[in-house]
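Report on the structure given below.
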Amino acid sequence: MNIQLYSEFKIHENIVIPLSREVREEQVQPYFVSEETVSAFGPLQDIEVRAYNEQYVLYIYHQPGLAGGHAINTAYVEEVLQVLAPFVADTHFVIYNRSYDLDTYYDVAFTEIKINNSQYSSTRPTFKEAIPGSRFLDLGTGGVQQCFDFPEEFLFASGHWKTDPGTRDFLVSGMLHRMEITLRQRGTHATHSPIDYAMAFNLTKEIERLVTLHQPQSLPQKIQKVVDNIIACQARDRKLILQLIQEKAVDSKTKVDLRVIKAAEKKLGVTFPLTFQERYTTIGNGGANLAYTFLPIDRMVWITGKLRSQYTGFPNYLIPFAYQGNSRYSCLDASKMNFPVVMVDRKQVLTATPWYDAFVQTHNSFEDWLEDQFMR
């Protein structure tokens with residue numbers, strides 16, 4: 028298990044909670060651990076009491092396991108906190124557990140703990156409660172397994188950034204950091220490997236969220252400059268991606284008039300990403316290589332309509348655009364600005380238990396999916 032802790036909605040490797048000076052040694056002795064008892068593998072317990080500067084403190088650990096994974100005994104942490112709650116200052120944190128090698132939401136469980144006026148309380152919210160409004164969580168109308176940064180998703184959806192400048196600054200700094208790294212990796216000239224071409228497109232969601240975090244004001248000049256550079260990088264890399272597709276295209280058909288694409292958008296009730304549109308208007312209406320078959324626009328509209336009518340609850344924002352064989356389609360997720368790609372298995376739509384196992388996000392953006400295809 029991969030453990031992360033959030034104290035006052037800030038991310039921590041470990042959480043340190045000072046105890047009041049009224050606590051007596053015999054009260055903390057059962058949980059006291061000296062430096063000598065810490066093994067080569069790390070702390071022996073998930074929560075410990077230590078003496079520090081003539082005061083006792085609680086340590087909650089991001090504990091490594093023997094096999095390189097992580098584990099935490101949440102029940103034991105709660106037991107200790109309930110006993111010592113009268114001596115703990117008001118605190119609020121979340122223990123978050125997820126499987127080590129899968130990042131999809133149903134593999135995650137977390138416990139939210141609060142101590143207020145010496146009163147202990149804990150809840151185990153579902154993801155639906157923790158991240159309301161995320162479409163992929165609405166299992167009643169279809170859901171999509173989605174890879175995401177849980178801490179950021181949780182902090183953003185919780186809305187605490189609206190009243191807490193510290194939370195907002197934390198989110199903004201993380202997004203800017205990713206953007207600046209991408210710009211450094213991409214450089215000012217397009218001399219890099221095609222494996223880098225989708226990096227800027229994967230940051231479209233960050234741009235959308237930066238705007239939201241600063242509303243109703245416009246973006247500060249420094250942030251706007253970074254955003255503008257990402258958008259310029261996207262425009263440059265879009266040309267490179269389409270050029271590579273043109274070189275690798277097999278059996279590409281007649282190019283599509285933009286009016287046909289706009290008519291398809293209107294009929295389906297979605298908007299296609301610009302790279303997607305230009306792929307059809309500059310390269311061809313459909314086409315294939317060894318890994319997939321791009322659907323012609325009319326076929327795409329027909330299959331989407333069939334899936335919507337045939338399977339109750341098929342998400343209206345998923346648009347199949349490429350056939351991968353064996354009843355599997357790559358679909359645009361048109362509900363998000365970065366247009367992630369979701370693999371839909373028609374055979375599993377009716378048989379999968381749980382039902383959303385038939386829908387798995389495979390790429391963070393349409394460009395990310397294209398890059399993966401032409402790098403094969």
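Counted the way my numbering counts, the sequence shown spans residues 28 to 403. Glycine included, C-beta positions come from ideal geometry on N, C-alpha and C.
Annotation for Gln-82: the continuous beta strand (DSSP E) segment containing it runs 82-87.
Counting C-beta pairs closer than 8 Å gives three or more between the segment 267-275 and the segment 300-309, which meets the contact rule. Taken atom to atom, the span from the alpha-carbon of Ser-362 to that of Tyr-344 is near 6 Å.
Taking a C-beta distance under 7 Å as the contact criterion, Ile-310 and Gln-273 qualify as a contact pair. Ranking Arg-355, Ile-142, Lys-289 and Leu-301 by CA distance to the CA of Ile-324 puts Lys-289 first. Annotation: the segment 262-314 contains the following complete segments of the alpha helix (DSSP H) (minimum length 4 residues), in chain order: 285-295 and 301-309. Within its own chain, no residue has a Cβ closer than 7 Å to the Cβ of Tyr-79 once the five positions on either side in sequence are excluded. Comparing alpha-carbon positions, the option among Phe-299, Leu-111 and Gln-56 lying closest to Asn-143 turns out to be Leu-111.
Between the segment 232-242 and the segment 285-302 there are fewer than three inter-stretch CB-CB distances shorter than 8 Å, so the stretches are not counted as touching.
Annotation: the continuous beta strand (DSSP E) that includes Asp-360 extends over 355-360.
The criterion of a C-beta distance shorter than 7 Å is not satisfied by Ile-74 and Ile-42. Within the same chain, and ignoring the five residues on either side of Leu-210 in sequence, the residues whose Cβ sits closer than 6 Å to its Cβ are Asn-256. Closest by C-alpha distance to Asn-353, out of Pro-342, Thr-339, Pro-367 and Lys-374, is Lys-374. Linking Ala-385 to Met-364 through their CA atoms gives a straight-line distance of about 23 Å.
Under the three-state reduction of DSSP output, Lys-141 falls in the strand class. Remark: three or more beta-carbon pairs, one from each stretch, lie closer than 8 Å, so the segment 392-400 and the segment 223-235 are flagged as touching. Pro-45 has Val-84 as its beta-bridge partners, per DSSP.
For Leu-230, there is no enclosing beta strand (DSSP E), since its DSSP letter is neither H nor E. Around the C-beta of Arg-151, fewer than 16 other C-beta atoms lie within 10 Å, and the residue is accordingly described as exposed.
When DSSP reads this structure, Val-369 sits in a beta bridge with Cys-358 and Gln-388. Residue burial annotation: Ser-336 is exposed, with fewer than 16 other C-beta atoms found within 10 angstroms of its C-beta. Within the same chain, and ignoring the five residues on either side of Met-206 in sequence, the residues whose Cβ sits closer than 7 Å to its Cβ are Leu-230, Glu-233, Val-253 and Ile-257.
Taking C-beta atoms as the reference points, Val-50 and Tyr-103 fail to come closer than 7 Å. Here Met-202 has Glu-233, Arg-236 and Leu-237 as same chain residues with Cβ atoms under 7 Å from its own Cβ, once five neighbours each way along the sequence are excluded. For Gly-193, the enclosing alpha helix (DSSP H) has its first and last residue at 192-213.
Contact between Met-327 and Phe-341 does not hold, since their C-beta atoms are separated by about 15 Å, which reaches or exceeds 8 Å.
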